[in-house]
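**Q** Handing you this structure, nothing more for now.
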Amino acid sequence: MEFLDAEFVQGFIRMADDGWNQGWHERNGGNLSYRVKPKEMESVKENFEAKEWQPIGTTVPKLAGEYFLVTGSGKYFRNVIIKPEDSICMVELDDKGENYRIVWGLVNGGKPTSELPSHLMNHEVKKELTAGRYRVIYHAHTTNVIALTFVLPLTDEAFTRELWEMATECPVVFPGGIGVVPWMVPGGRDIAVETSKLMKDYDVAVWAHHGMFAAGEDFDLTFGLMHTVEKSAEILVKMLSMQSCKRQTIMPDDFRNLARDFKVTLPEKFLYEKSNTAK
Ligand code: 2HA
Ligand code: ZN
């Protein structure tokens, strides 16, 4: 099969274009990766042309031998739909999970995303915790969530609770809550380690003054998660722009009732009592 005709490649391209259309990928901002299923890899491997092995910059032994579709470093989401072969690539990991090699794409040269260590370490955590179900890791520069990192305390509790309160669907879409990484230098192993620690508890990690990482089973769920969190952040930004205190909101017992009817578990650490002025 032609590489670009494969359904998983089409799904990846569509998701990148959807992110561009949301305004989350100025210039070369953001990156996307997909852990390819063995059958999908088989269906396109006639197109492979392996390049040299390169160090990943971290070690992901539980992903040894796996294949990933990823956006390219310095490449623009805006261009993925018109020139995917120049903007994205498929990489293979070696048998120790220490090196990768490009097997398709980036036809004009280049490397996988600068955030490859974060993507792979997140994939490693999620693969293990979900018995292999999770396959997508997505990093986007979501405007409203970034704005909130200048205003809210940089804690998992504050971000989770404030975003849950802004839209009733939120606690159902991300019942586990969301984590927050304080400002750190992007692109390296240190931020990858901090992010992957949060991925043990959450499907979403906020990077202060930078953006978000989201993890999920497939393109729809992962894009939908990013979209839901960012939309809730937009509502909070609008609310805070109108007045600094809420007149009314969803209360802790309301969340408990919602959890019961929707059969989700909402950790009590997010259902703390607030003073009236901090509502
Ligand atoms: O430029 O978003 O975090 C890609 C990025 C780096
Ligand atoms: Zn970024």
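Our numbering runs 6 ahead of the 1-based position in the sequence shown.
We treat Cβ as the ideally placed atom computed from N, Cα and C, and that holds for glycine.
All of these numbers come straight from a predicted model, not from anything done at the bench.
What are the partner residues of Glu98, as DSSP defines its beta bridges?
**A** On the sequence shown, residue 98 is found 92 positions in, with the first residue counted as 1. Paired residues: Tyr73, Arg107.
**Q** Among residues of its own chain, excluding the 5 on either side of Gly25, which ones have a beta-carbon nearer than 6 angstroms to its beta-carbon?
**A** If you number the sequence shown from 1, residue 25 lands on position 19. Cβ within range, chain order: His31, Phe83, Ala146.
**Q** Please list, in chain order, all residues of the same chain as His215 whose beta carbon is under 8 angstroms from its beta carbon, the five residues on each side excluded.
**A** To locate residue 215, count along the sequence shown from 1; it is residue 209. Same-chain partners within the cutoff: Ile152, Thr155, Phe156, Trp189.
**Q** Kindly indicate which three-state DSSP category Trp189 falls into: helix, strand or coil?
**A** Counting from one through the sequence shown, the residue named residue 189 turns up at place 183. Secondary structure at Trp189: coil, using DSSP grouped into helix, strand and coil.
**Q** Is there contact between the region 172 to 189 and the region 234 to 247, where contact requires at least three CB pairs shorter than 8 angstroms?
**A** Contact between the region 172 to 189 and the region 234 to 247 is present, because at least three Cβ pairs lie under 8 angstroms.
**Q** If you count every other CB in all the chains shown that lies within 10 Å of the CB of Pro90, and 16 or more means buried, which is it?
**A** Stepping through the sequence shown from its first residue, residue 90 is reached at position 84. Burial call: buried.
**Q** State the DSSP-derived secondary structure class of Pro177, mapped to helix, strand or coil.
**A** The count along the sequence shown starts at 1 and reaches residue 177 at position 171. Three-state result, Pro177: helix.
**Q** Please list the terminal residues of the continuous beta strand (DSSP E) segment that includes Ala12.
**A** As a working mapping, residue 12 is identified with position 6 in the sequence shown. Per DSSP, Ala12 belongs to no beta strand (DSSP E) and is neither H nor E.
**Q** Tell me the residue span of the beta strand (DSSP E) that contains Ile143.
**A** Along the sequence shown, read from residue 1 onward, the residue named residue 143 stands at position 137. That run of the beta strand (DSSP E) goes 142 to 146.
**Q** Under a Cβ-count criterion, where at least 16 other Cβ atoms within 10 Å of its own Cβ denotes burial, should Gly29 be classed as buried or exposed?
**A** Locating residue 29 in the sequence shown gives position 23, where the first residue counts as 1. Classified as exposed, Gly29 has fewer than 16 neighbouring CB atoms from the shown chains inside 10 Å of its CB.
**Q** Taking 8 angstroms as the limit between beta carbons, can you name the residues of its chain near Pro181, skipping five residues before and five after?
**A** For the purposes of this step, residue 181 is taken as the residue at position 175 of the sequence shown. Setting aside the 5 residues that flank it on each side, Pro181 is surrounded in the same chain by Ala265, Val270, Thr271, Leu272, each with a C-beta closer than 8 angstroms to its C-beta; the list follows chain order.
**Q** Can you have a look at Val113 and say buried or exposed, based on whether 16 or more other CB atoms are within 10 angstroms of its CB?
**A** Here residue 113 refers to the residue found at position 107 when the sequence shown is read from its first residue. It counts as exposed.
**Q** Assuming Met127 and Ser202 are in contact, meaning their beta carbons sit under 8 angstroms apart, how far apart are those beta carbons, in whole angstroms?
**A** In the sequence shown, residue 127 corresponds to position 121, counting from 1. In the sequence shown, residue 202 corresponds to position 196, counting from 1. Indeed they touch by this definition, with Cβ atoms about 4 angstroms apart.
**Q** Contact between the region 12 to 27 and the region 68 to 79 is defined here as three or more beta-carbon pairs at a separation below 8 angstroms; is this criterion met?
**A** yes
**Q** Compare the Cα-Cα distances from Pro258 to each of Leu246, Asp267, Tyr278, Ile108 and report the closest residue.
**A** One-based indexing of the sequence shown puts residue 258 at position 252. Residue Tyr278 is the option with its Cα nearest to Pro258.
**Q** On a Cα-Cα basis, can you pick out the residue from Cys95, Val42, Arg195, Asp92 that is closest to Ala70?
**A** Here residue 70 refers to the residue found at position 64 of the sequence shown. The shortest C-alpha separation from Ala70 is found at Val42.
**Q** Give a yes or no on whether the C-beta atoms belonging to Thr161 and Val186 are separated by under 8 angstroms.
**A** For this step, residue 161 is matched to residue 155 along the sequence shown. For this step, residue 186 is matched to residue 180 along the sequence shown. With a cutoff of 8 angstroms on beta-carbon distance, Thr161 and Val186 are scored as near each other.
**Q** Taking DSSP as the reference, what is the three-state secondary structure of Phe165?
**A** Taking the first residue of the sequence shown as position 1, residue 165 is located at position 159. Correct three-state label for Phe165: helix.
**Q** Specify the secondary structure class of Trp213 as computed by DSSP and reduced to three states.
**A** Residue 213 sits at position 207 when you count from the first residue of the sequence shown. Of the three classes helix, strand and coil, the one that applies to Trp213 here is strand, per DSSP.
**Q** For Ser93, does the three-state DSSP call read helix, strand or coil?
**A** Residue numbering aside, residue 93 sits at position 87 when the sequence shown is read from its first letter. DSSP places Ser93 in helix when its eight states are reduced to three.
**Q** In three-state terms, what does DSSP make of Pro118?
**A** For the purposes of this step, residue 118 is identified with residue 112 of the sequence shown, where counting begins at 1. In the structure shown, Pro118 sits in a strand (DSSP, three-state: E or B).
**Q** Can you check DSSP and say which residues form a bridge with Gly194?
**A** As a working note, residue 194 is residue 188 in the sequence shown. DSSP output for Gly194 lists no bridge partner at all.
**Q** Do you know how far the Cα of Asp267 is from the Cα of Ser93?
**A** By 1-based counting over the sequence shown, the position of residue 93 is 87. By 1-based counting over the sequence shown, the position of residue 267 is 261. Approximately 44 angstroms, taken between the alpha carbons.
**Q** With distances taken Cα to Cα, identify the nearest neighbour of Leu135 among Phe261, Asp209, Met248.
**A** Within the sequence shown, numbered from 1, the residue matching residue 135 stands at position 129. Nearest option by C-alpha distance: Asp209.
**Q** Would you kindly work out how many angstroms separate the C-alpha atoms of Lys45 and Ala198, rounded to a whole number?
**A** Counted from its first residue, the sequence shown places residue 45 at position 39. Counted from its first residue, the sequence shown places residue 198 at position 192. The C-alpha of Lys45 lies about 29 angstroms from the C-alpha of Ala198.
**Q** Does the distance between the C-beta of Ser120 and the nearest non-hydrogen atom of the ligand 2HA fall short of 7 angstroms?
**A** Indexing the sequence shown from 1 puts residue 120 at position 114. Ser120 Cβ: within cutoff of the ligand 2HA.
**Q** Give the DSSP-derived three-state secondary structure of Gly222 in the structure shown.
**A** Stepping through the sequence shown from its first residue, residue 222 is reached at position 216. Three-state result, Gly222: strand.
**Q** Following the continuous alpha helix (DSSP H) through Asn37, name the residue where it begins and the one where it ends.
**A** The residue given as residue 37 occupies position 31 in the sequence shown. No alpha helix (DSSP H) contains Asn37, which is instead part of the beta strand (DSSP E) from 37 to 41.
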